[in-house]
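Chains as they are written, first to last, in the numbering used here: chain A, 4 to 252; chain B, 5 to 118.
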């Protein structure tokens, strides 16, 4: 309590933040009064609540600079990377509502269980299959190689699951791998060093695969790194179609 | 839920429907210009193998396309899955095919079919 008083002066403007509190499937939003600073991120606000008001608040973060993909949460109903989201940009009617990522089970408060998200990466064969050993020479891939360019467009994913939370197909179809896993699979389809293409195309053409995408582009709308998973998924649809005709010959 | 086989079946059936829908609308507009009566239209279509193929393939494509589309909606919005989803999909397919085939037979078979 002493610490809190030392941070605030009598003329500090305050704002209300609603934060989802959940334990053992019992959840509700709770309001907290936090300083309305001119320049602060949503993660700053969450950290303030945890450090000065309620130390039992659970949330996840690591790098604080938009690289690690740990801190994504629902902010006023939209999935955001909270460390790079300024409160002033998303506050609506002086209200800020912070909840756990959509489409993932909650462990506690703002911390979601990411297992289903990453299990689907594996199911989509979004993992590298080496075609060479460390004794082989380095693969020579030029920057202007068309496959390299296609891979580059998809490669800056930080695994934050914002797209997964934004996707209505994920919400309605629990089998669907989701935009992030399929985007990663597409970057590997364009990796000429990869030796697992047939298995990958079979995986992304299976029940939970790319053909479930309705191209609504929620992923494109909210991806904090401005990637286009819908485009990657369209690429997978194209390649699986080609592969189907190849395999049937 | 929607694997590549169902996806391709839906895309290919759409591919078949596109020229048939355009052809159907064009013929409808053409047919009413001169004030053709029902009997005059049926006089041209009944006994015509070409019109049987035209509307027959249209009905088959619609049945496949519609059944897969409704299968997706039933799964995502109604939560149907497994056997009940399969049964519903086949019922929609059979229903559309049956109703469509009845109409095609009536319009293209010599003597009016049914």
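Heads up, the beta-carbon is just placed ideally off N, CA and C, and yes, glycines get one too.
CA nearest to the CA of residue i, picked from the options
{"i": "residue 105 of chain A", "options": "A:97, A:96 and A:115", "result": "A:115"}
{"i": "residue 41 of chain A", "options": "A:97, A:208 and A:64", "result": "A:97"}
{"i": "residue 18 of chain B", "options": "B:72, B:47 and B:82", "result": "B:72"}
{"i": "residue 123 of chain A", "options": "A:203, A:217 and A:64", "result": "A:203"}
{"i": "residue 57 of chain B", "options": "B:43, B:28 and B:95", "result": "B:28"}
{"i": "residue 96 of chain B", "options": "B:79, B:67 and B:76", "result": "B:67"}
{"i": "residue 11 of chain B", "options": "A:220, A:112 and A:214", "result": "A:214"}
{"i": "residue 232 of chain A", "options": "A:157, A:212, A:251 and A:244", "result": "A:157"}
{"i": "residue 8 of chain B", "options": "A:248, A:209, A:200 and A:245", "result": "A:209"}
{"i": "residue 161 of chain A", "options": "A:179, A:24, A:229 and A:32", "result": "A:229"}
{"i": "residue 104 of chain B", "options": "B:70, B:90, B:78 and B:45", "result": "B:70"}
{"i": "residue 19 of chain A", "options": "A:247, A:39 and A:26", "result": "A:39"}
{"i": "residue 102 of chain A", "options": "A:34, A:159 and A:43", "result": "A:34"}
{"i": "residue 79 of chain B", "options": "A:149, A:37, A:173 and A:90", "result": "A:173"}
{"i": "residue 63 of chain A", "options": "A:111, A:95 and A:17", "result": "A:111"}
{"i": "residue 246 of chain A", "options": "A:212, A:201 and A:221", "result": "A:201"}
{"i": "residue 186 of chain A", "options": "A:36, A:121 and A:59", "result": "A:121"}
{"i": "residue 219 of chain A", "options": "A:181, A:249, A:197 and A:199", "result": "A:181"}
{"i": "residue 109 of chain A", "options": "A:199, A:177, A:24 and A:205", "result": "A:24"}
{"i": "residue 17 of chain A", "options": "A:207, A:36 and A:127", "result": "A:36"}
{"i": "residue 74 of chain B", "options": "B:93, B:40 and B:45", "result": "B:93"}
{"i": "residue 77 of chain B", "options": "A:99, A:216 and A:248", "result": "A:216"}
{"i": "residue 61 of chain A", "options": "A:178, A:113, A:248 and A:125", "result": "A:113"}
{"i": "residue 31 of chain B", "options": "B:59, B:91 and B:84", "result": "B:59"}
{"i": "residue 176 of chain A", "options": "A:211, A:31 and A:148", "result": "A:211"}
{"i": "residue 56 of chain A", "options": "A:117, A:22, A:99 and A:100", "result": "A:22"}
{"i": "residue 108 of chain B", "options": "B:84, B:14 and B:46", "result": "B:46"}
Burial state of residue i (16 or more Cβ within 10 Å)
{"i": "residue 33 of chain B", "result": "exposed"}
{"i": "residue 184 of chain A", "result": "buried"}
{"i": "residue 242 of chain A", "result": "buried"}
{"i": "residue 171 of chain A", "result": "exposed"}
{"i": "residue 87 of chain B", "result": "exposed"}
{"i": "residue 38 of chain B", "result": "exposed"}
{"i": "residue 15 of chain A", "result": "exposed"}
{"i": "residue 133 of chain A", "result": "exposed"}
{"i": "residue 28 of chain A", "result": "exposed"}
{"i": "residue 141 of chain A", "result": "exposed"}
{"i": "residue 45 of chain A", "result": "buried"}
{"i": "residue 82 of chain A", "result": "buried"}
{"i": "residue 144 of chain B", "result": "Because chain B here runs from 5 to 118, residue 144 of chain B falls outside it and cannot be looked at."}
{"i": "residue 251 of chain A", "result": "exposed"}
{"i": "residue 189 of chain A", "result": "buried"}
{"i": "residue 92 of chain A", "result": "exposed"}
{"i": "residue 5 of chain B", "result": "buried"}
{"i": "residue 50 of chain B", "result": "buried"}
{"i": "residue 73 of chain A", "result": "buried"}
{"i": "residue 95 of chain A", "result": "exposed"}
{"i": "residue 118 of chain B", "result": "Confidence in residue 118 of chain B is poor, its pLDDT being 49 and thus under 50, which makes the residue's placement too unreliable to answer from."}
{"i": "residue 198 of chain A", "result": "exposed"}
{"i": "residue 26 of chain A", "result": "exposed"}
{"i": "residue 16 of chain B", "result": "exposed"}
{"i": "residue 206 of chain A", "result": "buried"}
{"i": "residue 54 of chain A", "result": "exposed"}
{"i": "residue 106 of chain B", "result": "exposed"}
{"i": "residue 159 of chain A", "result": "exposed"}
{"i": "residue 143 of chain A", "result": "exposed"}
{"i": "residue 44 of chain B", "result": "exposed"}
{"i": "residue 154 of chain A", "result": "buried"}
Residue(s) in a DSSP beta bridge with residue i
{"i": "residue 80 of chain B", "result": "BP columns for residue 80 of chain B are empty, so no partner."}
{"i": "residue 184 of chain A", "result": "Paired residues: none, contrary to the question."}
{"i": "residue 30 of chain A", "result": "A:25"}
{"i": "residue 36 of chain A", "result": "A:19"}
{"i": "residue 76 of chain A", "result": "A:83"}
{"i": "residue 44 of chain A", "result": "A:89"}
Go through the segment 87-163 of chain A residue by residue and report every complete run of the alpha helix (DSSP H) that reaches 4 residues or more, in order. Fully enclosed alpha helix (DSSP H) runs of 4 or longer: 90-93, 118-126 and 149-157.
Does the segment 63-73 of chain B come within contact of the segment 91-101 of chain B, defined as at least 3 CB pairs closer than 8 angstroms? Touching, per the Cβ criterion.
May I have a chain-ordered list of the alpha helix (DSSP H) segments no shorter than 4 residues that lie completely inside the segment 192-238 of chain A? Here the runs fully enclosed are 200-207 and 221-225.
Would you say the segment 75-86 of chain A touches the segment 231-238 of chain A, given that touching needs at least three Cβ pairs under 8 angstroms? Flag = no, the segment 75-86 of chain A and the segment 231-238 of chain A do not touch.
Would the segment 187-194 of chain A count as touching the segment 11-25 of chain B if we require 3 or more Cβ pairs under 8 angstroms? No contact exists between the segment 187-194 of chain A and the segment 11-25 of chain B.
Three or more C-beta pairs below 8 angstroms linking the segment 160-167 of chain A and the segment 216-235 of chain A: Using a C-beta cut-off of 8 angstroms, the segment 160-167 of chain A makes contact with the segment 216-235 of chain A, since at least three inter-stretch Cβ pairs fall below that distance.
Pair every Cβ in the segment 61-69 of chain A with every Cβ in the segment 85-95 of chain A, then say whether three or more of these pairs are closer than 8 angstroms. Touching, yes.
How about the segment 43-58 of chain B and the segment 108-116 of chain B: do they share at least three Cβ pairs that are nearer than 8 angstroms? The segment 43-58 of chain B, when compared against the segment 108-116 of chain B, does touch it at the 8 angstroms Cβ threshold.
Whether or not the segment 136-152 of chain A and the segment 49-66 of chain A are in contact is what I'm after, with contact meaning three or more pairs of Cβ atoms, one per stretch, closer than 8 angstroms; do they touch? Output reads no: the segment 136-152 of chain A does not touch the segment 49-66 of chain A.
Which parts of the segment 8-32 of chain B are runs of the beta strand (DSSP E), unbroken and 3 residues or longer, counting only runs that do not cross its ends? Runs found: none.
What runs of the alpha helix (DSSP H), each 4 residues or longer, lie entirely inside the segment 38-118 of chain B? Listed in chain order, the alpha helix (DSSP H) elements of length 4 or more contained wholly in the segment 38-118 of chain B are 42-49, 53-82 and 86-112.
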